[in-house]
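Participant: Numbering (the numbering used here), first residue to last: 3 to 913.
Quick reminder that beta carbons are idealized off the backbone N, C-alpha and C, glycines included.
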Amino acid sequence: MSPATTRLLPVIILSMFGLFACQREADQSQLSAPAGTENEAQVESRNNDIPFGQLGTEVVPQAYQLTLTIVPELDRFSGKAVIELEISAAKDYFYLHGKNLEVSRVQVTTTDNKLDASYEQVDKSGIARISLPAAVSGRVILEIEYNAPFNQSLEGLYKVSESGEDYAFTQFEAISARLAFPGFDEPGFKTPFDITLIVPQNQVAISNTPEISSELKDGMKVVHFATSKPLPTYLIAFAVGDFDVVEWQPLPATDIRPRELPLRGIAVKGKGDQLSYALEGTNAIVNALESYFGIPYPWAKLDILAVPDFAAGAMENAGAITYRESLLLFDDTATPGRKRRYKSVHAHELAHQWFGDLVTPAWWNDIWLNESFATWMAHVAMDIAEPQANYRRDLLSRGLGVMASDSLVSARQIRQPILSNNDISTAFDGITYSKGGAVLSMFESFLGREDFRQGVRNYLQAFEYGTATADDFIRHLAAASTSQPEDVVIEAFNSFIEQPGLPLVELSSQCSAEGLNINLRQSRYFPLGSSGDSDQLWKVPVCIRTGSGDDSSKTCLLLTQKELSFKLPQACPEWIMPNADGAGYFRFNLSKDDWNKLLANGDRQSTEEMMAMLGSLNGAFNSGDLDISTLMSVAPQLIASADWQVVTSPMGQMEFIYDRMARDGQKKVLEARYAAFYSNRLEAVGLAATEDRDQASLQAALVEFLAETAKQPELRVALVKMARAYTGFGTDNELHPGAANPIIIGTALKVAVDELGNGFTDHLLRLALGSTDAVVRGRALGAIGNNKDPEKAAEIRELVFSTDLRDNEVFSILFPQSFMEETRDATWKWFQQNFDRILKRIPEHRWGRMTVVGNAFCDAEKRAEVETFFSKHIQEMAGGPRNLAKTLEGIDLCIAKVKYHQPELEAWLGQ
Ligand SMILES: [Zn+2]
């Protein structure tokens, strides 16, 4: 699965991404005994063995036949599940999963008997008990007939309406298949599925496998799909509606795959012609993955589906991958950034077809590896498909981006036992995706790309169509290493996944006639104001590059102890880079002298090294080892760089200083200084649209920074003009997509919301709600959410409850209102007053992430309010306790950082 992210609020939205809420406490109201026969002791014994974790291994599904009648126009659907079971110990009751299903008939057939059984949901998380009149064992057929409501919050089997048409889609990961059919809803149970969908005769039905027949019966269309290869419940998918189905040319056979692969694109009616770009790009990615894995695409066909309302970014259902529309539908105005995002996400979901679907985690505690691997593999696959496009750099960028949250005391380890609801629902966060991806990248570099790939191939071949654990994966990697002993690799890998936090490697050096003495010291990195204990050890792969002039040499080692000193037989270098190629997941620190030498030789570092260096420089500022004047003295050199990632790297701290530290009188001075830093770069780039992705990324960041933080008047005027032309405001009031540069129109709309008054906000809202285009709606709502006028903002917040907004659009309003200085206090008050209503609008599996609305506070009083308010509710919010701890810790760190650095701001501004 890919999280739902946007470019503007990456960290916060990523952290908002939650999955599911598995309630561990039995719902006592549903624990009443079946009428009749049992005594209290029997009932109690049954209620004591409800499996809130894994179901166990005594009742194991072997195959499913699912027949579902899905009419999207109705409120409910119905189905029949026939599940073949192997029961190893005689049972007169057993458990499976089913949630909010109204069951009308249950029958169990053994080799010599047919028994009527009963079905009872015994916990609100969707655990159900099948009770039988007699004990059964061996091969047994379980039949359940049921009906259920379409889900209201984008999970299970749910409805989306657009332009008067109703459609049905599914999202089952992690534990929502149980809302659509009864079954054994755990990743470890993989079986073949035979699926039949009964749908209105003019509608299309899609599932994981190709359609093998379809007939009309009683005015309905009965569609049979081919028997699947073994799959877990969470990878099953259905879609029903009057779709546009685009039959693309099959992907041609290759050396690795001897057959053609059928490819289709599916979108709601009228949008099929926007699928061409995504379909066109698919072959190159599938080929790259096949060449990496050495295994053909595992399924009989590939469908990609654009879903108008979708909670995550995308979902890797085997052979039927679902995406948010904004990731899959493209018209002429699509920006290079959006196309790149499509490729990364598409490659991520396609990588899952092998890693996750072909080989599936045995239990949720290893879902991190699924996501870490797909994150890493997406960039590696795109690097194979488009070697000039620097996709691996994006992976490094994500690794550097997650370091702030990995610096919290409340950071979790990558691999965590799934012991409680709270652990499960936080397992799909930035630590899993971005840190996990960065750690894999580090070990790929440590083992060497060839050996690492061989380990991946061996692992997939060993477990294909089955399940495996992270230990299996690491063992295969270690065994494939031709340079490192197995146990060394395993221990080093485990040191990064089984403990939380970010290593800090401090390097000091002395030169003498005999050579260069280097001392390395490791600890856990913490910023100012942290209460964490830095005494922690990893086994860190470290590569140091030393250089003089244009010559450099690299020394690699595994840093296993707290401190290590060694001598390099070389003359005094001009600079030392402690993280060669940026390959290591750690921050480093240097003596002031070594920092100065490294910074002075920035042009001799690769882009990746500069990015790693800047991450460490930021870390040094956050931990108080670097002051504002030094930071600002380095900025001009970075801003002059040829790489946009380097040019834009000082912006984050500059924004923090402006938003949090600067007092009113200081802001104007800062605006002028920031403009002086960056204006000439924007002049060179201009405001016209570009097809070059690097230029586009630079332009987007410069415009946003100079317009919104540095508040440059001329730029703001130009953007308002662009916004007027785009929206037809004051002229024909129609949308003119061709009249604006799509790369910067989002910022232009925000500036126009500030400058043109509430009439423009109303106009923009009308345009947003009148459009079915996810991108148009998203950027307009994002700008509307930025309205800072107290009265209008209050009105806008109420949109959160409007059904005019799609479920996945609610956060475009809620987040900016919570974060902006002008609106956050009022939003916080409103949030507390409307808490119950807000929760009702948000999928239950996201409730725990709602503490994020307190993230922008930076004072003790509001911290106390956030703690007091959420403490009352947090136990009801799966994942809530950890998220609340993160929010509160973030506020503490902000307070400490401001207090420490604020006096330096005076000094720098006085210079
Ligand atoms: Zn994924």
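Flag H354 as yes when its Cβ comes closer than 7 Å to any non-hydrogen atom of ligand 1, and as no otherwise.
Facilitator: Position 352 of the sequence shown, counted from the first residue, corresponds to residue 354. For ligand 1, at least one heavy atom lies less than 7 Å from the Cβ of H354.
Participant: Given 8 Å as the limit, is there contact between the stretch 155-168 and the stretch 266-277, that is, 3 or more CB pairs closer than that?
Facilitator: yes
Participant: Which stretch, first to last residue, makes up the alpha helix (DSSP H) that contains A302?
Facilitator: Translated into positions along the sequence shown, residue 302 becomes position 300. Per DSSP, A302 belongs to no alpha helix (DSSP H) and is neither H nor E.
Participant: Are there 16 or more other CB atoms within 10 angstroms of the CB of K874, so buried, or fewer, so exposed?
Facilitator: Reading the sequence shown from its first residue, position 872 is the one you call residue 874. By the 10 Å Cβ count, K874 comes out exposed.
Participant: Quick one: any contact between the stretch 172-181 and the stretch 191-204, if contact means 3 or more CB pairs under 8 Å?
Facilitator: With the cut-off at 8 Å, the stretch 172-181 and the stretch 191-204 do not touch.
Participant: Can you tell me whether DSSP reads A6 as helix, strand or coil?
Facilitator: Taking the first residue of the sequence shown as position 1, residue 6 is located at position 4. Note: A6 maps to coil in three-state DSSP.
Participant: Within 10 angstroms of the Cβ of R451, are there 16 or more other Cβ atoms? Answer buried if so, exposed if not.
Facilitator: Taking the sequence shown and counting its residues from 1, one reaches residue 451 at position 449. Classification of R451: exposed, given that the 10 Å Cβ count is below 16.
Participant: What first and last residue would you give for the beta strand (DSSP E) that runs through E122?
Facilitator: Your numbering for residue 122 matches position 120 in the sequence shown. S120 to D125 is the span of the beta strand (DSSP E), which, as asked, contains E122.
Participant: Alpha carbon to alpha carbon, how far is Q655 from Y680? Give it in angstroms, no decimals.
Facilitator: Taking the sequence shown and counting its residues from 1, the one referred to as residue 680 is at position 678. Taking the sequence shown and counting its residues from 1, the one referred to as residue 655 is at position 653. Going from the Cα of Y680 to the Cα of Q655 covers about 14 Å.
Participant: Would you call K564 buried or exposed, if buried means 16 or more other Cβ atoms sit within 10 Å of its Cβ?
Facilitator: If you number the sequence shown from 1, residue 564 lands on position 562. The residue in question, K564, is exposed, as its Cβ has fewer than 16 Cβ neighbours within 10 Å.
Participant: If you draw a straight line from the C-alpha of E217 to the C-alpha of A290, how long is it?
Facilitator: Counted from its first residue, the sequence shown places residue 217 at position 215. Counted from its first residue, the sequence shown places residue 290 at position 288. Taking the straight line from one Cα to the other gives about 39 Å.
Participant: Across the stretch 527-534 and the stretch 544-564, are there enough close Cβ pairs to call them in contact, namely three or more that are closer than 8 Å?
Facilitator: no
Participant: If you follow the beta strand (DSSP E) that D756 is part of, which residue opens it and which one closes it?
Facilitator: Position 754 of the sequence shown, counted from the start, is the residue given in the question as residue 756. DSSP places D756 outside any beta strand (DSSP E); the residue lies instead in the alpha helix (DSSP H), whose first and last residues are I747 to E757.
Participant: In chain order, which continuous runs of the alpha helix (DSSP H) of length 4 or greater are located wholly inside the stretch 470-516?
Facilitator: 472-482 and 488-499
Participant: Going by CA-CA distance only, name the one from A286, R589, Q154 and F191 that's closest to L313.
Facilitator: Position 311 of the sequence shown, counted from the first residue, corresponds to residue 313. The sequence shown places Ala at residue 313, not Leu. It is Q154 whose Cα lies nearest to the Cα of A313.
Participant: Could you tell me which of L895, Y902 and L504 sits nearest to F859, measuring between CA atoms?
Facilitator: Counting from one through the sequence shown, the residue named residue 859 turns up at place 857. Taking only the C-alpha atoms, the option nearest F859 is L895.
Participant: Closer than 7 Å to a non-hydrogen atom of ligand 1 - does that hold for the CB of S436?
Facilitator: Position 434 of the sequence shown, counting from 1, holds the residue named residue 436. Incorrect: S436 has no Cβ contact closer than 7 Å to ligand 1.
Participant: Three-state secondary structure (DSSP) at T39?
Facilitator: Along the sequence shown, one-based indexing puts residue 39 at 37. In this prediction, T39 scores a pLDDT of 49, lower than 50, which makes its location untrustworthy; the coordinate-derived value is nonetheless stated afterwards. The answer is coil: DSSP assigns T39 none of H, G, I, E or B.
Participant: What do you reckon, is the C-beta of H350 under 7 Å from a heavy atom of ligand 1?
Facilitator: Along the sequence shown, read from residue 1 onward, the residue named residue 350 stands at position 348. Yes; taking the cut-off as 7 Å, the Cβ of H350 has a heavy atom of ligand 1 nearer than that.
Participant: Taking Cβ to Cβ, would you say S90 is nearer than 8 Å to E60?
Facilitator: Here residue 90 refers to the residue found at position 88 when the sequence shown is read from its first residue. Here residue 60 refers to the residue found at position 58 when the sequence shown is read from its first residue. Against a cut-off of 8 Å, the Cβ pair of E60 and S90 comes out as a contact.
Participant: Quick one, what's near ligand 1 if you take every residue whose CB is closer than 5 Å to any heavy atom, in chain order?
Facilitator: M3, E373 and A376
Participant: With P739 and T335 assumed to form a contact (beta carbons below 8 Å), what rounded beta-carbon distance in angstroms separates them?
Facilitator: Within the sequence shown, numbered from 1, the residue matching residue 739 stands at position 737. Within the sequence shown, numbered from 1, the residue matching residue 335 stands at position 333. Contact annotation, P739 with T335: C-beta distance approximately 5 Å; criterion of less than 8 Å satisfied.
Participant: Which one of A353, N496, E188 and F454 has the shortest CA to CA distance from A482?
Facilitator: As a working mapping, residue 482 is identified with position 480 in the sequence shown. Considering only alpha carbons, the answer is F454.
Participant: For L708, which three-state DSSP category applies?
Facilitator: One-based indexing of the sequence shown puts residue 708 at position 706. Note: L708 maps to helix in three-state DSSP.
Participant: Please report the residue range of the beta strand (DSSP E) in which T825 lies.
Facilitator: Within the sequence shown, numbered from 1, the residue matching residue 825 stands at position 823. Looking at the DSSP string, T825 is not in any beta strand (DSSP E), and its letter there is neither H nor E.
Participant: Write down the C-beta distance between P264 and W356 rounded to the nearest angstrom, noting that I regard them as a contact closer than 8 Å.
Facilitator: The residue you call residue 264 lines up with position 262 of the sequence shown. The residue you call residue 356 lines up with position 354 of the sequence shown. The Cβ separation is near 18 Å, so there is no contact.
Participant: Measuring straight from C-alpha to C-alpha, what distance separates E685 and W646?
Facilitator: Reading the sequence shown from its first residue, position 683 is the one you call residue 685. Reading the sequence shown from its first residue, position 644 is the one you call residue 646. Roughly 15 Å separates the two Cα atoms.
Participant: Quick one: what does DSSP say C896 is sitting in, helix, strand or coil?
Facilitator: Here residue 896 corresponds to residue number 894 of the sequence shown, with the count starting at 1. The answer is helix: DSSP assigns C896 an H, G or I state.
Participant: What does the alpha-carbon distance come out to for the pair L708 and I786?
Facilitator: Within the sequence shown, residue 708 is the residue found at index 706, counting from 1. Within the sequence shown, residue 786 is the residue found at index 784, counting from 1. Rounded to whole angstroms, L708 to I786 spans 20 Å at the Cα level.
Participant: Between G584 and L398, how many whole angstroms is the CB-CB distance? I'm expecting something under 8 Å.
Facilitator: As a position in the sequence shown, residue 584 is number 582, starting the count at 1. As a position in the sequence shown, residue 398 is number 396, starting the count at 1. 5 Å between Cβ atoms; contact.
Participant: Taking 8 Å as the cut-off, does the stretch 507-525 touch the stretch 540-554 (at least 3 CB pairs, one atom from each stretch)?
Facilitator: Contact holds: three or more Cβ-Cβ distances are below 8 Å.
Participant: Threshold first: 4 residues or longer. Then list the alpha helix (DSSP H) segments lying entirely within the stretch 185-256, N to C.
Facilitator: none
Participant: Could you have a look at Q32 and say whether DSSP puts it in helix, strand or coil?
Facilitator: If you number the sequence shown from 1, residue 32 lands on position 30. Unreliable positioning characterises Q32 in this predicted model, as indicated by a pLDDT of 32, which lies under 50. The coordinate reading is nonetheless provided below. Helix.
Participant: By the three-class DSSP mapping on this structure, what secondary structure does D605 have?
Facilitator: Position 603 of the sequence shown, counting from 1, holds the residue named residue 605. The DSSP-derived three-state label of D605 is helix.
Participant: V802 to R459, Cα distance in whole Å?
Facilitator: Position 800 of the sequence shown holds residue 802. Position 457 of the sequence shown holds residue 459. Approximately 47 Å between the Cα atoms of the pair.
Participant: May I ask you to verify whether the stretch 315-326 touches the stretch 245-260, counting CB pairs closer than 8 Å and requiring at least 3?
Facilitator: no
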